[in-house]
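Everything on this sheet refers to the single structure shown next.
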Amino acid sequence: MAEDTFLQKILSSKRKEIVSHQETIPLTELEAQVKTTPFPFNLSGALMGEKVRLIAEVKKASPSKGLLATKYDPALLASTYCENGAAAVSVLTETDFFQGSLAHLRQVKASTEKHRTPILRKDFLLDPYQLFEARANGADAALLIVAALDETLLGEMLSVAKSIWLQCVVEVHNYAELEIALKYGAEIIGINNRDLKTFEVNTNLAIELRPYIPAGKIIIAESGINSSADVSPLKKQGINAILVGEALMKADNIALKVQELSGV
20 MAEDTFLQKI LSSKRKEIVS HQETIPLTEL EAQVKTTPFP FNLSGALMGE
70 KVRLIAEVKK ASPSKGLLAT KYDPALLAST YCENGAAAVS VLTETDFFQG
120 SLAHLRQVKA STEKHRTPIL RKDFLLDPYQ LFEARANGAD AALLIVAALD
170 ETLLGEMLSV AKSIWLQCVV EVHNYAELEI ALKYGAEIIG INNRDLKTFE
220 VNTNLAIELR PYIPAGKIII AESGINSSAD VSPLKKQGIN AILVGEALMK
270 ADNIALKVQE LSGV
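Heads up, the sequence shown is in the numbering used here, so the first residue is 20 and it goes up one at a time.
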């Protein structure tokens with residue numbers, strides 16, 4: 020159980036945050052907002068093609084690396100990503116450990132809407148309420164982490180998301196989680212090379228799990244991707260997309276790094 024401690028700490032914090040948000044903005048209010056929200060952009064469509072597509076992440080901090088950017092402008096970052104070849108933008112909205120917020124999501128949506136770029140809400144989503152929250156704040160898609168959800172809840176979350184036209188990236192860290200994702204019909208599979216329980220990175224994980232994913236699924240490799248040299252082996256195995264955050268946030272020239280990672 021010791022290795023679960025940090026993930027459980029995040030989830031415990033998130034449950035408290037959900038209650039607080041529900042007290043501030045009731046679900047009925049979010050449902051009304053979603054009904055007047057424009058139809059979302061198509062993430063799966065944006066990730067198809069011959070090249071490996073880049074999902075560029077707006078990320079202020081991480082538990083493993085600490086603060087990634089002292090001068091942090093989510094809107095400007097996202098615009099830079101879109102103008103230099105990113106197929107989609109991921110926005111960290113987790114507050115306590117990643118210093119993200121729903122405000123960042125809204126800012127990114129406003130700055131990228133002219134590009135028609137799909138926006139992914141990346142957070143620890145544990146309640147259908149957060150899916151409505153994602154849509155109401157500009158997300159076109161949301162991340163669901165198998166390690167954070169029991170099977171019944173995963174199925175419920177996918178069903179609710181579908182009902183409000185919110186695509187989901189279902190994130191897995193091992194074969195057992197992949198089986199669960201496929202069992203519940205996940206169309207977009209995110210393979211996180213970083214184990215959220217230990218924070219260890221296995222850069223080959225996406226390649227190792229790839230043969231077990233049936234044709235027709237969109238496959239995203241996440242974590243530990245720093246250069247075009249890391250992307251080439253993924254392309255050979257039929258990986259559709261990569262999700263990159265830290266390498267972009269720490270790059271001396273973010274625009275050039277986006278171009279590099281978008282060009283494979």
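In this text, a Cβ means the ideal position worked out from N, Cα and C, and glycines have one as well.
Around the Cβ of residue i, are there at least 16 other Cβ atoms within 10 angstroms (buried) or fewer (exposed)?
i, result
"Tyr100", "buried"
"Pro93", "buried"
"Val38", "exposed"
"Gln186", "buried"
"Asp159", "buried"
"Gln126", "buried"
"Tyr194", "exposed"
"Ala122", "exposed"
"Lys141", "buried"
"Thr24", "exposed"
"Glu279", "buried"
"Ala129", "exposed"
If you follow the alpha helix (DSSP H) that residue i is in, where does it begin and where does it stop?
i, result
"Ala274", "Ile273 to Ser281"
"Ile226", "Leu224 to Leu228"
"Glu170", "Glu170 to Ser182"
"Val53", "Leu46 to Lys54"
"Leu150", "Pro147 to Ala155"
"Leu96", "Pro93 to Glu102"
"Glu69", "Element bounds for Glu69: n/a, residue is neither H nor E."
"Tyr194", "Tyr194 to Lys202"
Identify the residues that DSSP records as bridge partners of residue i: which are they?
i, result
"Gly187", "The question names Gly, but residue 187 in the sequence shown is Cys. DSSP output for Cys187 lists Ala161 as bridge partner(s)."
"Arg140", "Val110 and Ala161"
"Glu42", "Its beta-bridge partners do not exist; DSSP assigns none."
Which of the three DSSP states, helix, strand or coil, is assigned to residue i?
i, result
"Glu76", "strand"
"Val250", "helix"
"Ser31", "helix"
"Gly235", "coil"
"Leu215", "coil"
"Gly209", "strand"
"Leu267", "helix"
"Ala88", "coil"
"Ile261", "strand"
"Ser81", "strand"
Spatial neighbours of residue i within its chain, please: C-beta separation below 6 angstroms, excluding the five flanking residues on both sides.
i, result
"Asn259", "Leu66, Ile237 and Ile238"
"Ile164", "Glu190"
"Ala274", "Thr99 and Asn103"
"Asn212", "Val220, Asn221, Thr222, Leu224, Ser242 and Gly243"
"Leu46", "Tyr148"
"Asn156", "Leu121, Leu124 and Arg125"
Starting from residue i, follow the beta strand (DSSP E) in both directions and report where the run begins and ends.
i, result
"Ser109", "Ala107 to Leu111"
"Arg135", "No beta strand (DSSP E) contains Arg135, which DSSP labels as neither H nor E."
Skipping 5 residues on each side, what residues in its chain have a beta carbon closer than 8 angstroms to that of residue i?
i, result
"Ala105", "Leu73, Ile74, Ala75, Thr136, Val277 and Ser281"
"Met20", "Confidence at Met20 is low in this model, with a pLDDT of 32, below 50, so the placement of that residue should be treated as unreliable; the coordinate-derived value is given next. None."
"Ile199", "Val165, Glu170, Leu173 and Val191"
"Leu150", "Leu144, Ala161, Met176, Val179, Ala180, Ile183 and Leu185"
"Phe117", "Lys78, Lys79, Ala80, Ser81, Pro82 and Leu111"
"Asn272", "none"
"Ala270", "Lys276"
In its own chain, which residues sit with a C-beta less than 7 angstroms from the C-beta of residue i, not counting the 5 before and 5 after it?
i, result
"Ile19", "Lying before the first or after the last residue shown, residue 19 is absent from the chain, which here runs from 20 to 283."
"Ala88", "Lys79 and Met268"
"Ile29", "Phe116 and Phe143"
"Ser63", "Gln186, Glu206, Ile207 and Ile237"
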